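Heads up: the structure comes next, in structure tokens.
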Amino acid sequence: MLTPSERRTRARAAAFALHAQGGTSTAAATAAQLARFDRLVDPEGKLAPEERAKRARQALRSYMTRLSLKASQARRKGKPTTAFDLPVVGSVAEGTSDAATA
40 MLTPSERRTR ARAAAFALHA QGGTSTAAAT AAQLARFDRL VDPEGKLAPE ERAKRARQAL
100 RSYMTRLSLK ASQARRKGKP TTAFDLPVVG SVAEGTSDAA TA
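Each residue of the sequence shown is one higher than the one before, counting from 40 in my numbering.
This is the structure we're talking about:
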């Protein structure tokens, strides 16, 4: 059994090896994900590009934070969770979501 320090060192070595092989190109996936949130925060395309990008980043951060919370709650209960359990974008004040548009 590895100690926590040994696990971290092993993980760092594996990450460095992956980067050395060029296997970490996620640019296309990242761009697609940001485009998805762009469409969700401004479906009619009326916002200025800077404002749309700002809102899309915030929507993405909100989604990822809720995903993290859901995962930690599931770990505590011992239940698996998926991203499909979460609404994608919603009105925080109203408590609604647009999960059907995802």
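In this text, a Cβ means the ideal position worked out from N, Cα and C, and glycines have one as well.
Please read all numbers here as calculations on a predicted model, not as lab measurements.
Item                                                                                                                                          : Value
Here's the rule I'm using: 16 or more other beta-carbon atoms within 10 Å means buried, otherwise exposed. How should residue 41 be labelled? : exposed
Return helix, strand or coil for residue 104, following the three-state DSSP convention.                                                      : helix
Are there 16 or more other CB atoms within 10 angstroms of the CB of residue 79, so buried, or fewer, so exposed?                             : buried
Could you tell me the alpha carbon to alpha carbon distance between residue 117 and residue 90, rounded to whole angstroms?                   : 40 Å
Within 10 angstroms of the Cβ of residue 76, are there 16 or more other Cβ atoms? Answer buried if so, exposed if not.                        : buried
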